[in-house]
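**Q** Let me give you the structure first, and then I'll get to my questions.
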Amino acid sequence: MSPLEAPMLSATRTRQLRVLEFLYDAPGRSSSQETSIEPLNDELGVERVQDALQALVDMRLVSSWASIAGFSGGILLPVGEDLVERVRRVRASAVERNKAVRNSLLRWVYDQGVGAHPTLDHFLQSEHNQFHGQPFSKRELHQASRWLRETGHIDGQGSSGGGIARPTITASGTQVVESGADVNSPHAAPVQQTFHTKFTGQISNVAVGGSGFTQTATTLDLQAVEAATNALDLVRETLEALAQAGADRAALAEALEQARTVDPSKEPGLIRSILAKIKTTIAAGAGGALGGVVVEQIERAMEQLPG
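Our numbering numbers the first residue of the sequence shown as 1 and each following residue consecutively.
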């Protein structure tokens with residue numbers, strides 16, 4: 001695997017990939033005539049463009065001839081073309097992006113140190129905010145922060161924007177980072193105790209943990225929480241378009257505002273009823289492809305929630 005295919009790239013590698021993709025996207029790209037790299041000089045700086053192109057030539061991804069003044073352009077070789085296409089396929093994978101942003105965010109929170117309360121906006125400005133040379137979206141970041149809290153790797157209060165406003169790392173999260181584990185691995189999940197409640201005899205005579213006592217605690221599956229959250233996010237993002245298609249905007253906005261105050265993992269039944277209300281509102285007013293897509297995602301989320 002080329003060093004340019006790593007999920008996390010240094011600034012130098014990011015520039016190299018940028019030049020490679022520039023050559024790939026050049027109109028009328030030719031296998032016999034160099035593409036000028038001059039448009040990149042203002043973006044990256046002349047010296048950095050020259051260094052990046054030299055590295056790409058050394059990696060045999062690009063062919064170029066340098067004059068006394070340096071490189072003026074390059075020809076993308078087939079192996080370089082294949083590399084760009086592989087990187088873009090991975091970038092386009094929602095699964096891979098979700099996995100990557102969770103690991104990146106957890107490592108960033110860890111790096112802030114014990115007692116720190118950084119904001120998610122600070123992550124967006126950090127070197128951790130990248131996946132194969134491109135930044136994560138705010139939506140991806142908010143989803144990752146909620147997922148990390150639900151799995152016990154970070155702690156903090158949710159914000160009105162949907163993410164964990166000031167995350168702090170937990171003992172479980174620290175262990176994952178320091179062990180070099182993938183936070184998405186089932187083995188990275190914190191150990192959870194399951195109790196079963198059963199009373200025999202008189203309640204007053206049964207001590208917690210004693211003979212004849214067990215306790216049951218039920219928690220909502222994390223996939224169900226994520227499905228509900230994703231459905232609500234989709235409605236928020238398409239609210240104006242749904243309203244233009246005929247849906248009652250005020251009713252949708254009211255339902256979304258109600259959902260902001262509810263934790264899906266603790267009140268799944270209430271979230272399900274809110275989703276049902278949103279579904280009915282959309283189905284009654286917003287026909288067409290968009291309404292169908294949103295309703296379908298809501299229905300999938302509702303199937304995973306208890307009634």
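Ideal Cβ positions, reconstructed from N, Cα and C, are used throughout, including at glycine.
How far does the beta strand (DSSP E) with Gly73 in it extend, from its first residue to its last?
**A** On the sequence shown, residue 73 is found 73 positions in, with the first residue counted as 1. From DSSP, the beta strand (DSSP E) with Gly73 extends over Gly73 to Leu76.
**Q** Note down, in chain order, each residue of its chain lying with its Cβ closer than 8 Å to the Cβ of Gly251, except the 5 sequence neighbours on either side.
**A** Walking along the sequence shown from the start, residue 251 turns up at place 251. The sequence as given places Ala at residue 251; Gly does not occur at that position. Excluding positions up to five away in sequence, the list reads Lys277 and Thr281.
**Q** Can you give, in chain order, each stretch of the alpha helix (DSSP H) that sits fully within the stretch 110-180 and has at least 4 residues?
**A** You should have 120-124, 138-150 and 171-179.
**Q** What is the DSSP secondary structure of Ser93, counted as helix, strand or coil?
**A** Within the sequence shown, numbered from 1, the residue matching residue 93 stands at position 93. Looking at Ser93 - three-state DSSP - the assignment turns out to be coil, as it is neither helix nor strand.
**Q** Can you find a CB in chain B that lies within less than 8 Å of the CB of Leu232?
**A** The displayed structure is made up of one protein chain only, and chain B is not part of it.
**Q** When the Cβ atoms of the stretch 61-81 are set against those of the stretch 99-112, are three or more pairs found closer than 8 Å?
**A** The stretch 61-81, when compared against the stretch 99-112, does not touch it at the 8 Å Cβ threshold.
**Q** Could you spell out the range, first to last residue, of the alpha helix (DSSP H) harbouring Asp25?
**A** Along the sequence shown, read from residue 1 onward, the residue named residue 25 stands at position 25. Ala11 to Asp25 is the extent of the alpha helix (DSSP H) around Asp25.
**Q** Rounded C-beta distance between Arg102 and Trp65? I'm assuming under 8 Å.
**A** Reading the sequence shown from its first residue, position 102 is the one you call residue 102. Reading the sequence shown from its first residue, position 65 is the one you call residue 65. Contact doesn't hold; Cβ gap of about 44 Å is too wide.
**Q** If the criterion is Cβ atoms closer than 8 Å, does the pair Gly285 and Ala241 meet it?
**A** For the purposes of this step, residue 285 is identified with residue 285 of the sequence shown, where counting begins at 1. For the purposes of this step, residue 241 is identified with residue 241 of the sequence shown, where counting begins at 1. Contact flag unset, no.
**Q** Could you give the uninterrupted runs of the beta strand (DSSP E) lying entirely in the stretch 210-297, keeping only those of 3 residues or more?
**A** Correct list: empty.
**Q** State the CB to CB distance for the pair Gln143 and Thr229, rounded to an integer number of angstroms; the pair is presumed to be in contact (CB under 8 Å).
**A** What you label residue 143 is simply residue 143 of the sequence shown in a count that begins at 1. What you label residue 229 is simply residue 229 of the sequence shown in a count that begins at 1. Rounded, the Cβ-Cβ distance is 7 Å, consistent with contact.
**Q** What do you get for Ala171, buried or exposed, if any count of 16 or more other CB atoms within 10 angstroms of its CB means buried?
**A** Numbered from its first residue, the sequence shown carries residue 171 at position 171. By the neighbour-count rule (16 or more Cβ atoms within 10 Å), Ala171 is not buried but exposed.
**Q** Inspect the beta-carbon positions of Val87 and Glu5 and report whether they are closer than 8 Å.
**A** Indexing the sequence shown from 1 puts residue 87 at position 87. Indexing the sequence shown from 1 puts residue 5 at position 5. Yes; because the gap between Cβ atoms is below 8 Å, this pair is in contact.
**Q** Run through DSSP, which three-state label would Gly70 get?
**A** Here residue 70 corresponds to residue number 70 of the sequence shown, with the count starting at 1. Strand.
**Q** Would Gly133 and Arg29 be called neighbours here (beta carbons separated by less than 8 Å)?
**A** Taking the sequence shown and counting its residues from 1, one reaches residue 133 at position 133. Taking the sequence shown and counting its residues from 1, one reaches residue 29 at position 29. Cβ atoms of Gly133 and Arg29: not closer than 8 Å.
**Q** What do you get for Gly163, buried or exposed, if any count of 16 or more other CB atoms within 10 angstroms of its CB means buried?
**A** Your numbering for residue 163 matches position 163 in the sequence shown. Buried: at least 16 other Cβ atoms inside 10 Å.
**Q** Which whole-angstrom value describes the C-beta separation of Arg173 and Ile154, a residue pair presumed to lie in contact below a C-beta threshold of 8 Å?
**A** In the sequence shown, residue 173 corresponds to position 173, counting from 1. In the sequence shown, residue 154 corresponds to position 154, counting from 1. First, the amino acid is wrong: residue 173 is Gly here, not Arg. About 6 Å; that satisfies the 8 Å criterion.
**Q** Counting C-beta neighbours from all protein chains within 10 Å, is the total for Met1 16 or more, i.e. buried, or is it exposed?
**A** By 1-based counting over the sequence shown, the position of residue 1 is 1. Flag for Met1 reads exposed.
**Q** According to DSSP, is Ser63 helix, strand or coil?
**A** Numbered from 1 along the sequence shown, position 63 holds the residue referred to as residue 63. If DSSP states are grouped into helix, strand and coil, Ser63 belongs with the strands.
**Q** Along the chain, where does the alpha helix (DSSP H) containing Asn41 start, and where does it finish?
**A** Position 41 of the sequence shown, counted from the start, is the residue given in the question as residue 41. Run containing Asn41: Pro39 to Leu44, per the alpha helix (DSSP H) assignment.
**Q** Could you check the C-alpha separation between Val295 and Val262 for me, to the nearest Å?
**A** Here residue 295 refers to the residue found at position 295 when the sequence shown is read from its first residue. Here residue 262 refers to the residue found at position 262 when the sequence shown is read from its first residue. Straight-line Cα distance between these residues: approximately 21 Å.
**Q** With a threshold of 16 other CB atoms inside 10 Å of the CB of Glu21, please say whether the residue is buried or exposed.
**A** Counted from its first residue, the sequence shown places residue 21 at position 21. Answer is buried; the Cβ neighbour count reaches 16.
**Q** Rank Glu38, Leu256 and Ala301 by C-alpha distance to the C-alpha of Gln223 and give the top, closest one.
**A** Along the sequence shown, one-based indexing puts residue 223 at 223. Selected option, being the one with the closest Cα: Ala301.
**Q** Rounded to whole angstroms, what's the CA-CA distance from Ser137 to Glu47? Just pull it up for me.
**A** Looking up residue 137 in the sequence shown gives position 137. Looking up residue 47 in the sequence shown gives position 47. Computed Cα separation, rounded: 30 Å.
**Q** Just how far apart, CA to CA, sit Ser204 and Lys266?
**A** Within the sequence shown, numbered from 1, the residue matching residue 204 stands at position 204. Within the sequence shown, numbered from 1, the residue matching residue 266 stands at position 266. For Ser204, the predicted model reports a pLDDT of 43, less than 50, meaning its position is unreliable and no value from the coordinates is stated.
**Q** How many Å lie between Asn129 and Ser10 at the Cα?
**A** To locate residue 129, count along the sequence shown from 1; it is residue 129. To locate residue 10, count along the sequence shown from 1; it is residue 10. In a straight line, the C-alpha of Asn129 is about 12 Å away from that of Ser10.
**Q** Throw me the rounded Cβ distance for the Ile37 and Leu61 pair, which I believe falls under 8 Å.
**A** Position 37 of the sequence shown holds residue 37. Position 61 of the sequence shown holds residue 61. Rounded, the Cβ-Cβ distance is 14 Å, inconsistent with contact.
**Q** DSSP on Ser36, reduced to helix/strand/coil?
**A** Within the sequence shown, the letter at position 36 stands for residue 36. Looking at Ser36 - three-state DSSP - the assignment turns out to be strand.
**Q** Just to check my reading of the structure: Leu305 and Arg272 have Cβ atoms closer than 8 Å, yes? What is that Cβ distance to the nearest angstrom?
**A** As a working mapping, residue 305 is identified with position 305 in the sequence shown. As a working mapping, residue 272 is identified with position 272 in the sequence shown. The pair is a contact, with the Cβ atoms about 4 Å apart (cut-off 8 Å).
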